[in-house]
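Residue numbers for the sequence shown, in the UniProt record's numbering: 1 to 281. Quick notes on the structure that follows.
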Amino acid sequence: MKTETTIQGLTASLSPARSSRKIIGFVPTMGNLHEGHLNLVREARRLCDVVVVSIFVNPIQFGPNEDFENYPRTLEHDSHLLAEVGCDIVFAPSVEQMYGHKPRLTNISVSDITNDLCGLQRPGHFDGVAVVVTKLFNMVQPNFAFFGQKDYQQLAVIRQFVRDLNIPLEVIGVPITRATDGLALSSRNGYLTEEQRKTAPIIFQSLKEAEQQLKQAVNLAEVLENIKQTLTQAGFIVDYVEARTLDLDKIEVFNQDVVLFVAAKLGTTRLIDNLQVKYTA
Ligand code: PAF
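Here it is in structure tokens:
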């Protein structure tokens with residue numbers, strides 16, 4: 001496995017794969033890797049000849065009061081994990097390498113689907129994601145790019161600008177990886193105290209309970225309210241509990257497949273999760 005820290009180095013490392021028309025798979029990450037990321041890499045390994053993983057904590061997708069400074073940087077440990085799952089190239093650029101020294105005057109802003117859910121709580125976040133992911137796509141020029149469904153809205157935003165801007169690659173969404181107690185794996189789980197970690201699986205439990213209630217024809221608004229109450233009683237500060245169609249449209253009545261979304265804080269740690277519920281008439 002090679003590690004590159006410059007765009008020039010990355011291009012040189014990818015050159016043989018490009019000239020022999022190998023299928024390039026790409027997994028963008030911010031590092032501090034867990035089994036969820038490794039499953040993205042395994043999927044890339046399964047479908048592609050060459051697997052590139054980027055590790056870059058992207059400053060422009062963090063709000064002023066968010067955890068950019070404290071976000072764990074664990075490149076050495078991440079590299080060991082990536083070597084074990086068959087990554088070929090790790091791309092770990094510096095902020096200077098990524099953004100240069102001159103001001104950036106171009107933005108990529110996806111409308112509508114970003115004015116909702118996490119977009120409301122984190123203004124500018126998805127623009128920051130769209131810019132960095134587009135830059136990474138241009139640097140790596142992969143055939144396939146892999147993203148986790150835990151960040152369902154992020155995945156929708158990326159699919160949207162890839163389609164709108166004719167970026168020549170296929171985006172693959174990979175199902176959420178969960179701990180045995182149901183907690184969706186996230187780099188931010190590491191911020192939880194031991195006590196909070198025991199409480200955190202209640203998010204998934206309340207989503208599963210909601211699924212049962214929907215199947216028993218409890219109305220959607222009541223189901224969402226029940227999730228909110230369960231979480232609040234367990235000590236979460238709820239940011240939102242919402243239902244959307246698979247395309248992220250608002251939905252009042254459970255008459256098609258829905259995605260249930262939760263964002264809630266335990267102490268200062270913000271956790272998100274979602275669950276797709278199938279509609280059967
Ligand atoms: O999901 C993430 O880890 C980040 O938002 C991404 C896609 C790597 C962009 O920085």
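Every residue, glycine too, gets a C-beta built ideally from N, C-alpha and C.
Asked                                                                                                                                     : Found
Does the count of Cβ pairs from the segment 229-246 and the segment 89-104 closer than 8 Å reach three?                                   : no
Measure the beta-carbon distance from V52 to R45 and round it to whole angstroms, keeping in mind my assumption that it falls under 8 Å.  : Their Cβ separation, rounded to whole angstroms, is 11 Å, which puts V52 and R45 out of contact at 8 Å.
If you compare alpha carbons, which of G36, V171, Q216 is closest to T180?                                                                : G36
Please determine whether the Cβ atom of M139 lies at a distance below 7 Å from any heavy atom of ligand 1.                                : no
Find out if the Cβ-Cβ distance for the pair I176, K150 is shorter than 8 Å.                                                               : yes
Is the distance from the Cβ of V85 to the Cβ of R42 below 8 Å?                                                                            : yes
Compute the distance between the beta-carbons of L275 and E211, then report whether it is under 8 Å.                                      : yes
Below 8 Å on the Cβ atoms is my guess for V110 versus F126; work out the distance and round it to an integer in Å.                        : 6 Å
Which two residues bound the contiguous alpha helix (DSSP H) that contains V218?                                                          : Segment: none, V218 is in no alpha helix (DSSP H) and carries neither H nor E.
Taking the alpha-carbon of Q229 as reference, which of S79, N32, S206, V129 has the nearest alpha-carbon?                                 : S206
With DSSP as the reference, label K198 as helix, strand or coil.                                                                          : helix
Please tell me whether, using a cut-off of 7 Å, the distance from the CB of V41 to the nearest non-hydrogen atom of ligand 1 is below it. : no
Please report the residue range of the alpha helix (DSSP H) in which Y240 lies.                                                           : Not the alpha helix (DSSP H): Y240 falls in the beta strand (DSSP E), residues 237-245.
My guess is that K278 and D247 are in contact by the Cβ rule of under 8 Å, so how many angstroms apart are they, rounded?                 : Not really, about 15 Å apart at Cβ, beyond 8 Å.
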